[in-house]
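Mapped onto mature numbering (1 follows the signal peptide of the UniProt record, and there is no 0), the consecutive letters of the sequence shown carry residue numbers -22 to -1, 1 to 203.
Quick reminder that beta carbons are idealized off the backbone N, C-alpha and C, glycines included.
Below is one structure, written out as structure tokens; the observations come after it.
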Amino acid sequence: MIRRTSPALTALATATALLLTACGGESSEGDEKIPGAGESSAEASASPGEKAPTAADKLDRPEMKFPDDFKITFDWEKPSDPDGAAALGDAENYVKAIHYGIIKQDPESAAYKFYIEPMSQAHTYAKDQIQQYVDGGWSLMGELRNSNAKVKKGQAARTQVVTFCRDESKAFGKDIKTGKKVDGGGGDPNDSHYAVTLVMRESKSIDGYWKAVSIDGVKGAAECV
């Protein structure tokens, strides 16, 4: 039986008990090994009235371009708090990077590795999601819509908790060989809506650079339907 192959958070249910405990400990690799974390040639000085660039602003971030038949949108405003805004921005990048890995059919994609703490639950989740699509011979098509983001300071040091709603009702799996939509059948429309929680932690060595530690999702959450 072919399941509906939207980029759903279906793999999260079995790991829910592990998610929040994962954010309390440090990564085994720390901040020393950062894929693609070289500095760009951006100007270091800011014009009068502009915010001075942080170390994170000068990172050589991975470029992610999606095909015309797939779109991922983030409908929210950035928080006024600099830490919250930076954490939300890199949470968005982490989500994009997972789907970029699916499009590229690359479970070892450098894009998502740039935005995770190595060996974290967020690392395992990203790799497993991409691998599922590769094994099934699927890519993505349609539109993924994310909205209603909120950010609050986490209990652990240097952490921010990002929550948002995800609407997968217009996103579908695409057969790699035929280019056609994978028909996963019907079902409860609410199953396409999720409340997502991401725990982000700031790098020890690069100010303003946040990496995903854990991800959780609740299917059919009332606040997101």
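{"Item": "Segment contact flag, the segment 102 to 110 with the segment 75 to 89, C-beta cutoff 8 Å, min 3 pairs", "Value": "yes"}
{"Item": "Inter-residue Cα distance where the pair is Trp116 and Asp153", "Value": "5 Å"}
{"Item": "Limits of the unbroken beta strand (DSSP E) element including Gln138", "Value": "137 to 145"}
{"Item": "Thr51 in three-state terms, based on DSSP", "Value": "strand"}
{"Item": "Helix, strand or coil at Val73 according to DSSP, with G and I counted as helix", "Value": "helix"}
{"Item": "Closest residue to Ser98 among Ala64, Ala200, Ile193, Val203 (Cα-Cα distance)", "Value": "Ile193"}
{"Item": "Ordered list of beta strand (DSSP E) runs contained in the segment 95 to 131, each at least 3 residues", "Value": "116 to 131"}
{"Item": "Exposure of Gly157, with buried meaning 16 or more beta-carbon neighbours within 10 Å", "Value": "exposed"}
{"Item": "CA-to-CA distance, Lys182 to Leu66, given in whole angstroms", "Value": "18 Å"}
{"Item": "Rounded straight-line distance, which links the Cα of Ile81 to that of Phe44", "Value": "8 Å"}
{"Item": "Beta-carbon proximity check, Phe48 vs Ala149, cutoff 9 Å", "Value": "yes"}
{"Item": "Candidates Tyr187, Gly186, Ser147, Tyr78: closest to Ser170 by CA position", "Value": "Ser147"}
{"Item": "Cβ pair Pro40, Phe92 closer than 9 Å", "Value": "yes"}
{"Item": "Assumed close pair Lys128, Gln138 - CB separation to whole angstroms, cut-off 8 Å", "Value": "Between Gln138 and Lys128 the Cβ distance is about 11 Å, and since that is not below 8 Å, they are no contact."}
{"Item": "Any chain E beta carbon closer than 9 Å to Glu41", "Value": "The structure shown contains no chain E; it holds only a single protein chain."}
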